[in-house]
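Visitor:
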Amino acid sequence: MTNIVTLLRFETKRLLRSKISLLYAVIYGICFLISAYFYSMYGSEGSVLVTSNGQSFAIQHLQASFLFTGVFVAIYASSLILQERTKGTIKNILTRPVTRGEFFVSRALSLTVFVIFISFMMIVIGYIVGTACFGWGDYMEFAEVRYTPIEGLFQTLKAALAFSYAYIGYGMMALVVSMFMDQMITSVTVMTLLIMVGQYAEVLPNMKAGVIMHQMLFYHIDLFQESQAVVILNGFVIGLYILVFFILGLVTFRKQNLKV
Amino acid sequence: MKIALINEIKKIIWRKKFLGVLFILFVAELLYYYRISKGGNPEQYISGIQISYEFFQSIRPFFWILAVYFICDIINEDYHYEMMKTALTRKITRTEYLFSKFLVSVATVEALFLFIMLSAGGIGGLFHGWKLLINDGSTLFSGNVVLLFLVGLIGSSLLTIGAFTAICLCIIVASQKASISLGLGMSLIFLMLLLETDAKLSPFLISKQIIELPLHMMKGSTLYHLPGITLFLILIIVGVSCSVSMFNKQDMYI
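The structure is reproduced here in structure tokens:
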């Protein structure tokens with residue numbers, strides 16, 4: 001357990017200090033500014049924005065950043081094990097008293113921390129861009145329901161957590177896929193193409209709930225619009241993705257010839 | 001220069017990644033054609049050219065993602081495997097090395113584009129004939145003017161792919177990291193796709209002009225797109241020269 005905590009602490013520090021986190025923040029910022037520009041030009045017809053105020057801006061843009069977040073999570077997940085392997089640095093870690101299981105668990109936890117971090121970063125940037133463009137506003141509105149500022153903040157954080165939960169499932173999948181690839185570029189491209197193809201699951205009403213891309217797009221919205229039974233069922237589907245890919249990854253990593 | 005170019009081309013052929021992607025695309029085209037033939041084809045005038053145009057429009061985001069992949073794979077390869085030192089000990093200058101990487105990347109993505117257009121057009125042409133007909137959604141064009149579209153397609157694809165490769169080259173040389181190159185390259189594509197709905201910005205967007213520019217050439221409105229064409233040319237020149245300048249100054253003792 002101590003080893004897992006040490007490895008996790010190291011990865012979290014690396015994540016917070018890396019330039020790439022700053023780059024992601026800039027990309028989200030540009031994306032949100034474009035959305036605000038489209039809203040000012042064409043109204044809600046040309047933008048994902050329905051309510052134009054700082055409080056409502058962040059939560060409305062979670063779904064819009066589906067592709068960006070998918071790519072960033074795939075990059076991070078691929079870098080966790082694959083990059084250590086290709087650069088040979090995994091040897092340094094595994095020659096210390098750390099088991100492969102502990103190493104994999106620490107990587108899975110790092111992925112979870114990253115997904116939560118990036119979701120909350122998006123919320124913060126959303127608040128900043130939204131408030132700068134439209135002002136803070138008197139209420140938060142989402143899914144045709146109005147909330148007081150405090151309640152709105154709580155609901156936005158709840159949505160961000162639900163959003164992260166779905167992306168953890170996708171991240172676990174990316175982590176496992178990366179273990180079978182020779183380069184990060186290939187792994188990320190495969191995962192990006194998968195999320196783009198996965199969007200077509202929307203045309204299959206009976207199957208879409210079982211597709212992680214559908215959950216990545218709608219799980220945080222379902223919290224506000226669907227019945228509790230549907231939310232629990234969708235949560236179970238995501239949990240199943242996390243569990244299955246975690247076990248698959250752990251088993252694969254334990255048996256894998258690391259060739260370093 | 002010739003040695004570096006031949007070496008890069010051989011690498012592309014031997015690795016078979018490219019051929020694998022072409023095979024997957026061909027299967028996707030067959031599925032696409034099956035879908036439109038199943039759905040009933042109400043347009044009697046549809047041609048092979050029309051099918052290849054519509055197929056490319058539908059897979060445009062996928063094409064650009066694959067373009068990012070191939071560009072990063074070709075240019076970033078020696079950084080990734082830390083083989084730069086070995087590559088540069090041969091009888092080639094750094095400029096020749098980078099320029100050959102740029103040319104091979106453009107040629108690979110262009111080959112991918114031509115494969116999509118030709119194979120989709122070929123499948124469509126087998127069933128709908130080889131007529132010179134195309135419909136852009138509002139007007140039906142026929143005859144020699146469609147030939148202009150085909151010539152424009154090659155020109156616009158070379159221009160837009162060249163401009164995008166130059167941007168990616170600059171990013172890869174500056175960052176030297178696959179994660180940043182991929183993240184920025186793909187984000188750039190998504191941002192361009194996002195901006196496509198704006199009519200004022202559309203002529204300047206690489207992602208859209210690859211297929212829109214030949215249509216405008218056919219309609220005789222090329223002049224309207226001259227600022228966009230100029231921007232793409234500037235991007236190629238500035239992107240390549242900046243990358244060469246940065247690459248020549250880089251510490252390669254890795």
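In order, the protein sequences belong to chains A and B.
Per UniProt numbering: the first sequence = residues 1 to 260.
Per UniProt numbering: the second sequence = residues 1 to 254.
Quick reminder that beta carbons are idealized off the backbone N, C-alpha and C, glycines included.
#1: Does DSSP classify ILE242(A) as helix, strand or coil?
#2: Roughly how many angstroms separate the alpha carbons of MET218(B) and PRO203(B), rounded to a whole number?
#3: Taking the C-alpha atoms as reference points, what is the distance between TYR45(B) and SER187(B)?
#4: Please say whether GLY143(B) and ILE51(B) have beta carbons closer to each other than 8 angstroms?
#5: Taking the beta strand (DSSP E) that ASN135(B) belongs to, which residues open and close that run?
#6: When burial is assigned at 16 or more other CB atoms within 10 Å of the CB, is THR69(A) buried or exposed?
#7: Roughly how many whole angstroms lie between the Cα atoms of ILE134(B) and THR12(A)?
#8: By DSSP, does PHE141(B) sit in helix, in strand, or in coil?
#9: Could you tell me which of ILE30(A), LEU15(A), TYR42(A), LEU22(A) sits nearest to LYS200(B), measuring between CA atoms?
#10: Give the interface partners of GLY121(B) over in chain A, defined as CB-CB distance under 7 angstroms, in chain order.
#11: Considering only residues of the region 117-164 of chain A, which uninterrupted beta strand (DSSP E) runs meet the minimum length of 3 residues and lie entirely inside it, listed in chain order?
#12: Measure from the alpha carbon of LEU193(B) to the alpha carbon of each residue in SER156(B), PHE113(B), ILE180(B), ARG60(B), then state which is nearest.
#13: If you check the beta carbons only, do PHE70(B) and ILE116(B) fall under 8 angstroms apart?
#14: Considering just the uninterrupted stretch of the alpha helix (DSSP H) at GLN215(A), what are its terminal residues?
#15: Could you run through the region 70-81 of chain A and flag, in chain order, every residue whose CB is less than 7 angstroms away from some CB of chain B?
#16: Determine, using beta carbons only, whether VAL68(B) and ILE210(B) come nearer to each other than 8 angstroms.
#17: Under a CB-based cut-off of 8 angstroms, is PRO42(B) close to chain A?
#18: Do LEU109(A) and LEU250(A) have their beta-carbon atoms positioned less than 8 angstroms apart in this structure?
#19: Would you verify that the beta carbon of ILE125(A) is, or is not, closer than 8 angstroms to some beta carbon of chain B?
#20: Comparing C-alpha positions only, which one of GLU196(B), PHE149(B), ILE13(B), ILE9(B) sits nearest to TYR53(B)?
#21: Are ALA36(A) and CYS133(A) closer than 8 angstroms when you measure CB to CB?
#22: Look at the Cβ atom of ASN76(B), then the Cβ atom of ILE206(B), and state whether they are nearer than 8 angstroms.
#23: Considering only the alpha carbon of each residue, which of ILE118(A), TYR241(A), THR252(A) lies closest to TYR28(A)?
#24: Using a Cβ-Cβ cut-off of 8 angstroms, state whether ILE150(A) counts as contacting chain B.
#25: Using 8 angstroms for Cβ pairs, my map puts THR156(A) next to ILE90(A). What's the rounded Cβ distance?
#26: Grab the span of the alpha helix (DSSP H) containing LEU103(B) for me, first residue to last.
#27: Measure the alpha-carbon distance for ASP198(B) versus ASN92(A) and round it to whole angstroms.
#28: So that I know if they touch, is there some Cβ in chain A lying closer than 8 angstroms to that of TYR69(B)?
#29: So, is LEU82(A) buried or exposed, given that buried needs 16 or more other C-beta atoms within 10 angstroms?
#30: If you run the structure through DSSP and keep just helix, strand and coil, what is VAL98(A)?
#31: Please confirm whether THR99(A) has its beta-carbon closer than 8 angstroms to some beta-carbon of chain B.
#32: Under a Cβ-count criterion, where at least 16 other Cβ atoms within 10 Å of its own Cβ denotes burial, should VAL240(B) be classed as buried or exposed?
#33: For PHE113(B), count the other beta carbons within 10 Å of its own beta carbon; 16 or more makes it buried, fewer makes it exposed. Which is it?
#34: Mapping DSSP to helix, strand and coil, what is LEU188(B)?
#35: When the distance is taken between beta carbons, is GLU212(B) closer than 8 angstroms to ALA120(B)?
#36: Is the Cβ of LEU22(A) closer than 8 angstroms to any Cβ of chain B?
Guide: Working from what's here:
#1: helix
#2: 15 angstroms
#3: Confidence is the limiting factor: at TYR45(B) the pLDDT is only 48, short of 50, which leaves the residue's position unreliable, though a coordinate-based value still follows. Between TYR45(B) and SER187(B), the C-alpha separation is close to 38 angstroms.
#4: no
#5: 133-135
#6: Buried, since its Cβ has 16 or more Cβ neighbours within 10 Å.
#7: Distance between the alpha carbons of ILE134(B) and THR12(A) is about 55 angstroms.
#8: strand
#9: Closest by alpha carbon: TYR42(A).
#10: The premise fails here: GLY121(B) is roughly 23 angstroms from chain A at the closest Cβ pair, so nothing lies under 7 angstroms.
#11: 140-142, 145-147
#12: ARG60(B)
#13: no
#14: That run of the alpha helix (DSSP H) goes 212-225.
#15: VAL71, PHE72, ILE75, SER79
#16: Result no, Cβ atoms of VAL68(B) and ILE210(B) do not sit closer than 8 angstroms.
#17: Its pLDDT being 48, under 50, PRO42(B) is placed unreliably by the model, and the measurement read from it follows with that caveat. For PRO42(B), the answer is no, since every Cβ of chain A falls outside 8 angstroms of its Cβ.
#18: no
#19: no
#20: PHE149(B)
#21: yes
#22: no
#23: ILE118(A)
#24: ILE150(A) has a beta carbon lying at 8 angstroms or more from every beta carbon in chain B.
#25: With 8 angstroms as the limit, THR156(A) and ILE90(A) do not qualify as a contact, their Cβ atoms being about 38 angstroms apart.
#26: Here the alpha helix (DSSP H) through LEU103(B) covers 94-128.
#27: 51 angstroms
#28: For TYR69(B), the nearest CB of chain A lies under 8 angstroms from its own CB, placing it at the interface with that chain.
#29: buried
#30: DSSP places VAL98(A) in coil when its eight states are reduced to three.
#31: no
#32: buried
#33: Label assigned to PHE113(B): buried.
#34: helix
#35: no
#36: no
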